[in-house]
Structures are given as structure tokens and as C-alpha cells.
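Numbering (the working numbering), first residue to last: -5 to 201. Okay, structure first, notes after.
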């Protein structure tokens, strides 16, 4: 009786291992496409260290979108590349020249094309973490903020919940810094930083 039970447990574990291996092999080498938007974000603009008496830039209405193509190396790791676009409104306050004179304010817009690369690691079934470099180029002219041509980085933590074998939805808080390495030189270079929440939909191509 005990021998039969051991045999059944062994067969069950063998079947489970085979199923798990098949699932990993089934995901390995597959591709997916992801469309996401960042409707909620807090953005800051300025040099790394605040300058006493210098002007300031306040960002409002930051929004971003991204189209990403991913490659599943295995069940845990995937790698992606994408093209994105972000836009925000900026209010620039002039520097203090004379404390008795009211500081001037100017309104402008900042639009940036983004080309991120990322590595994504999956854990706890539905959760993932991702990070990677971000190549970006400023799309419009802006006289008040240093030109945002350069290399930045992005990092995030998210949840991806499948709706079917092909479709899934995702939610991800994330952080981005632009112009970590600006293509133009200068002291106290303006760097855009954004902390936001991204929502999106993912489609996995059938193998």
C-alpha cells in the first residue's frame, strides 16, 4: 500500500515537473507587445543641487505614453525596447535680481521623444521589477529649460495580471530621470525627473 502511494506521489511530481518545464519552454523565445500610459505623475525640473537665488521651473500636467516590444528569454526574464512620448507644461520663475522687484513668470511646454531599453524580472507570479537606460530627444523648442537631449534611466515595480492566454493588464509605479548624461555640456544642467503610475495592456504573440 505504501509502495503504491510512493509511486503515485512520484508520478504526480514527475507530471508537475514536466508541466512546469513545458510552460517555461513554451514562454521561452516568445514575444509580446505592450501599450501603456502614465496619466498620474509628479515631475520636477532643475539641477541636482538647488542654487541660492536662482530661477525655478515648476511642472504640471505631465503625461507619457509608451509602445514596448518584449522578448521572453525564459519564464523569469524578459527584455524590451520601446518608443515613447512625454509632454508637460512648465512655469518658469525668474531669478532674484532685486528683492524689491517682483519675480517674473513664464509659461512653456516640454515634449520629449523617448527610446527606452529594459530588463524585466518576474517574481511572485504576477509581480515584476524592471530597469534600463533611456535615450531621449526634446521635440519642441524651449528657451527656459536646458535642451533635453541625452541618456537617462528608468526603474519600476509592477503587477501584470493575465486576462486570457494572450492578453494581460498591468499597473506599475515607476521613476525616470532624463539627461543623466546630457549630450550638451554645462554646469548645473537641468534634469527632468518624473515619478508616476503607469497603466497598460499587454498582448503575447502565440508561438
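Quick reminder that beta carbons are idealized off the backbone N, C-alpha and C, glycines included.
Contact check for residue 108 against residue 58 passes: the beta carbons are separated by less than 9 Å. Ranked by Cα distance from residue 198, the options 38, 51, 36, 62 are led by 62. By the Cβ criterion, the stretch 172 to 183 is not in contact with the stretch 149 to 164, since fewer than three pairs of Cβ atoms, one from each stretch, lie closer than 8 Å. Our two residues, residue 106 and residue 80, have alpha carbons roughly 5 Å apart in a direct line. Distance between residue 191 and residue 73, taken at the CA atoms: about 21 Å. Our two residues, residue 24 and residue 76, have alpha carbons roughly 17 Å apart in a direct line. Residue 39 is classed as buried because its beta carbon has at least 16 other beta carbons within 10 Å across all chains shown.
Bridge partners of residue 73 according to DSSP: 65, 113. Burial is judged here by how many other beta carbons sit within 10 angstroms of a residue's own beta carbon; residue 110 has at least 16 and is buried. Annotated as distal: residue 148 and residue 116, with beta-carbon spacing of 9 Å or more. One thing to note: residue 187 has its Cβ within 9 Å of the Cβ of residue 37. With fewer than 16 other beta carbons inside 10 angstroms of its own, residue 120 counts as exposed. Separation of the CB atoms of residue 168 and residue 26 is rounded to 18 Å, and the pair is thereby denied contact status at 8 Å.
Taking all protein chains shown into account, residue 158 has fewer than 16 neighbouring C-beta atoms within 10 Å of its C-beta and is therefore exposed.
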